[in-house]
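In full-length UniProt numbering, the protein residues as written are 1 to 104. Glycine included, every Cβ here is placed at the ideal spot set by N, Cα and C. These figures come from a predicted structure and were not determined experimentally. Here the structure is laid out as structure tokens; the discussion comes afterwards.
Right, here's the structure in full:
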């Protein structure tokens, strides 16, 4: 479902393989037009960490491009709960603490 006219939507995913971990995402406007693609990774082999990094980079990028209203779509209930502080973060990640900072 596309976002409202004044909103940019970020979709993302994280992935972990044997010796690699990364994330990628796309930022779209209300017409479905691509505004930005992004990708990256870290040495932490955790899908949760990669997905949190994707959200962080997506929101940061949207703000840098001048977007004020940002919607993030997620297929991970655990990531949503982490960001809503309904669940304790894994001991090996600090990324979830940075995402709320980018929001404000």
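Assignment of beta strand (DSSP E) within the UniProt domain "RNase H type-1" (12–87), counting only whole runs of 3 or more residues, yields 21–28, 34–41, 70–72 in chain order. Taking a contact as a CB-CB distance under 8 Å, the pair residue 10 and residue 58 counts as one, their CB atoms being some 4 Å apart. Here the alpha carbons of residue 8 and residue 62 stand approximately 8 Å from one another. Secondary structure at residue 8: strand, using DSSP grouped into helix, strand and coil. Residue 34 counts as exposed, since fewer than 16 other beta carbons sit within 10 angstroms of its beta carbon. A residue is called buried when at least 16 other Cβ atoms come within 10 angstroms of its Cβ; residue 32 does not meet this threshold and is exposed.
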